[in-house]
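Remember, the numbering used here sits 21 above the position in the sequence shown when you count from 1. For each residue, glycine too, the CB sits at the ideal point set by N, CA and C. Structure first, commentary second.
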Amino acid sequence: MENFDLILMLKHLIIGLVQGFTEPIPVSSSGHVMIASEILGMGEQGFTFAILTNTASLIAIMFIYREDIIRLMTGFLLFIKTRKKRYRADFNFALYIIIGSIPAGVLGILLSDYIADNVSMTLIAMMLFVTGIALWLIRNMRGTKRDGDLTAKDAFIVGLGQAVALTPGISRSGATIISSIAVGMKQETALRFSFMLYIPVSLGGVVLGISDFMDEPNKMDLALPYAVTFFATLFMTYFAMRWFMGIMKNGKLHYFTYYCFLVGILLLIFF
């Protein structure tokens with residue numbers, strides 16, 4: 022029994038590390054968690070597990086962007102209250118985050134069950150190829166738009182990219198960063214807008230999933246393994262995000278193209 026528990030802990034630790042490392046980078050965290058679960062013989066992870074790992078990644082990303090979040094929320098509210106020009110840029114950026122969150126929010130509610138019932142390793146492999154091709158196509162793009170140059174149209178287009186990423190194998194960060202760069206954003210702005218978009222959609226998923234989490238029949242028996250997964254995801258997301266910010270700063274995003282192609286080919290061969 023002790024060996025079984027140790028093995029279970031190790032499996033949950035690995036899953037947490039995989040989720041945490043792949044959440045910020047453009048390689049599809051959901052696809053990699055499915056691949057890791059299959060290799061480890063854990064089967065498909067339930068909705069409760071997804072909420073747990075998503076919450077951990079969300080906390081890590083919110084911590085990294087805490088100053089931006091506070092500034093945007095403050096500026097948004099102060100502009101509504103005072104209409105002063107100095108708060109206008111923060112108000113607009115926050116408003117565009119709301120606009121960009123709508124497509125994924127609506128499609129997530131409407132199509133979540135359909136998507137969950139039509140997942141396969143072949144689909145993940147094909148979507149990784151799509152992600153890799155898109156990353157390659159934007160490899161030389163250098164936009165000029167900063168935070169204050171964005172429009173509602175830009176936000177909605179990037180939001181559509183995030184909605185497409187509901188498909189397993191399509192990276193959420195990849196889809197939003199690719200869309201952001203495609204509409205002309207500088208890489209720093211693209212990165213920030215991408216992960217600002219992640220926050221409301223992720224928060225919405227957590228709120229909507231609370232009742233399912235509370236109704237989970239085995240959550241007490243799995244409390245310790247889930248805790249291991251949660252903290253592994255939390256810390257790995259933080260360090261992976263810091264590493265990815267450096268990748269973006271150095272303009273090396275296209276390196277993930279090769280990785281997506283490699284994993285896609287391996288999935289088609291071995292699964």
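message: According to DSSP, residue 55 sits in a beta bridge with which residue or residues?
response: Counting from 1 along the sequence shown, the entry for residue 55 is found at position 34. BP columns for residue 55 are empty, so no partner.
- prompt: Tell me which same chain residues have a C-beta within less than 8 Å of the C-beta of residue 132, skipping the five on either side of it?
  reply: Counting from one through the sequence shown, the residue named residue 132 turns up at place 111. Excluding sequence neighbours, residue 132 sits near 187.
task: Return the Cβ separation of residue 149 and residue 281 in integer angstroms, given the expectation that the two are a contact with Cβ distance under 8 Å.
output: The sequence position of residue 149 within the sequence shown is 128, counting from 1. The sequence position of residue 281 within the sequence shown is 260, counting from 1. Yes, they are in contact, since the Cβ atoms of residue 149 and residue 281 sit about 4 Å apart, within 8 Å.
field: For residue 32, the three-state DSSP class (helix, strand or coil)
entry: As a working mapping, residue 32 is identified with position 11 in the sequence shown. Helix.
task: Would you please state the rounded distance, in angstroms, between the beta carbons of residue 181 and residue 114? I believe it to be under 8 Å.
output: Taking the sequence shown and counting its residues from 1, one reaches residue 181 at position 160. Taking the sequence shown and counting its residues from 1, one reaches residue 114 at position 93. At roughly 19 Å, the Cβ-Cβ gap does not stay under 8 Å, so residue 181 and residue 114 are not in contact.
message: Taking only three categories from DSSP, how would you classify residue 206?
response: Residue numbering aside, residue 206 sits at position 185 when the sequence shown is read from its first letter. In this structure, residue 206 counts as strand in the three-state DSSP scheme.
- prompt: Which class does residue 166 belong to by DSSP, given the choice of helix, strand or coil?
  reply: Looking up residue 166 in the sequence shown gives position 145. Strand, per DSSP.
field: Proximal residues to residue 123 (C-beta, below 8 Å), its chain only, five neighbours per side dropped
entry: Taking the first residue of the sequence shown as position 1, residue 123 is located at position 102. The residues are 177 and 180.
query: What is the DSSP secondary structure of residue 152, reduced to helix, strand or coil?
result: Mapped onto the sequence shown, residue 152 falls at position 131. Helix at residue 152.
- request: For residue 83, I'd like the list of residues in its chain whose CB is within less than 8 Å of its CB, leaving aside the five on either flank, ordered along the chain.
  value: Your numbering for residue 83 matches position 62 in the sequence shown. Answer for residue 83: 90 and 220, listed in chain order.
- prompt: Short check: CB of residue 210 to CB of residue 167, under 8 Å?
  reply: Taking the first residue of the sequence shown as 1, we reach residue 210 at position 189. Taking the first residue of the sequence shown as 1, we reach residue 167 at position 146. In this structure, residue 167 lies closer than 8 Å to residue 210 by Cβ.
- prompt: Exposed or buried, residue 51, counting other C-beta atoms within 10 Å across all chains shown (16 or more means buried)?
  reply: Along the sequence shown, one-based indexing puts residue 51 at 30. Looking at its Cβ environment, which holds 16 or more other Cβ atoms inside 10 Å, residue 51 is buried.
message: So, for residue 227: in the same chain, excluding its five sequence neighbours on each side, which residues have a beta-carbon less than 8 Å away from its beta-carbon?
response: As a position in the sequence shown, residue 227 is number 206, starting the count at 1. So the qualifying residues of the chain are 72, 75, 76 and 79.
query: Do three or more CB pairs link the segment 26-37 to the segment 263-270 at distances below 8 Å?
result: no
- prompt: Is residue 192 helix, strand or coil when you go by DSSP?
  reply: By 1-based counting over the sequence shown, the position of residue 192 is 171. Correct three-state label for residue 192: coil.
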